[in-house]
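Protein chains in written order, with the working numbering: chain A, 2 to 116; chain B, 50 to 164.
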């Protein structure tokens, strides 16, 4: 089955600096890669996603890049703010063979932005 | 509604008791997914529905777990004879298009504690 590895598990940055989180996936059939932000006691919130026909996508301070050949994708947050502090999850969506897709998540990165 | 609504927020059960969790998907979303998040942040896919039909149940422990999505009712996830290892946060997500190859919106989760 699909396996998604996420690094680092924890990341501390100074306010205003950039943060980069990297993920690799194993299943070359995966074609949808969302990123979720989870704050304490809350559900995951989709912040950006990318499909396999696109190499890069940007939304204000957040960008995601995808390298299909190397099977890795990354989240970039620029000009970090304290409210960016949360746990971030990458995920990959693959065809399960049962007629549906299911998300396989990485193990999360706890981002702390130090004021 | 405009958000995925999960109830209850917290649930405590003695080992061997039954637990039932509810999820109301976003209005108009025809796909519902259940995920289990254990203490180390890991997400495990359990089951997905297309309307009231099971779409993919490859993640469901068959012996004690069951789920339904009936017309005009919240979806439900039921655990018979709970065990200590069932303690986790259970998230429901819904999406508008087929499978997870599109935006999936998560609820706030139900924290199940088995004592």
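We put the CB at the ideal spot given by N, CA and C, even for glycine.
In this text, all values refer to a predicted model and were calculated from it rather than measured experimentally.
(request) Would you please state the rounded distance, in angstroms, between the beta carbons of residue 71 of chain B and residue 55 of chain B? I believe it to be under 8 Å. (result) 7 Å
(request) Below 8 Å on the Cβ atoms is my guess for residue 22 of chain A versus residue 105 of chain A; work out the distance and round it to an integer in Å. (result) Not a contact, Cβ separation roughly 16 Å.
(message) Going by beta-carbon coordinates alone, are residue 13 of chain A and residue 78 of chain A separated by less than 8 Å?
(response) no
(message) Rounded to whole angstroms, what is the Cα-Cα separation between residue 62 of chain A and residue 132 of chain B?
(response) 43 Å
(request) Taking C-beta pairs closer than 7 Å, name the residues in chain B that residue 88 of chain A reaches, listed in chain order. (result) 90
(message) Does chain A have any CB closer than 8 Å to the CB of residue 129 of chain B?
(response) So, not an interface residue.
(request) Could you name the residues of chain A that residue 140 of chain B contacts, counting a contact when the two beta carbons are closer than 8 Å? (result) 44 and 45
(request) Determine whether the Cβ of residue 155 of chain B lies closer than 8 Å to any Cβ atom of chain A. (result) With respect to chain A, the C-beta atom of residue 155 of chain B has a partner C-beta closer than 8 Å.
(message) Counting only C-beta atoms, is residue 178 of chain B closer than 8 Å to chain A at any point?
(response) As displayed, chain B neither begins before 50 nor continues past 164, which places residue 178 of chain B out of reach and without an answer.
(request) Going by DSSP, name the residue or residues bridged to residue 111 of chain A. (result) A/11 and A/88
(request) Could you tell me the distance, in whole angstroms, from the CA atom of residue 76 of chain A to the CA atom of residue 107 of chain A? (result) If I take the Cα positions, the gap works out to 13 Å.
(request) Starting from residue 57 of chain A, trace the beta strand (DSSP E) both ways and give me its first and last residue. (result) 57-60
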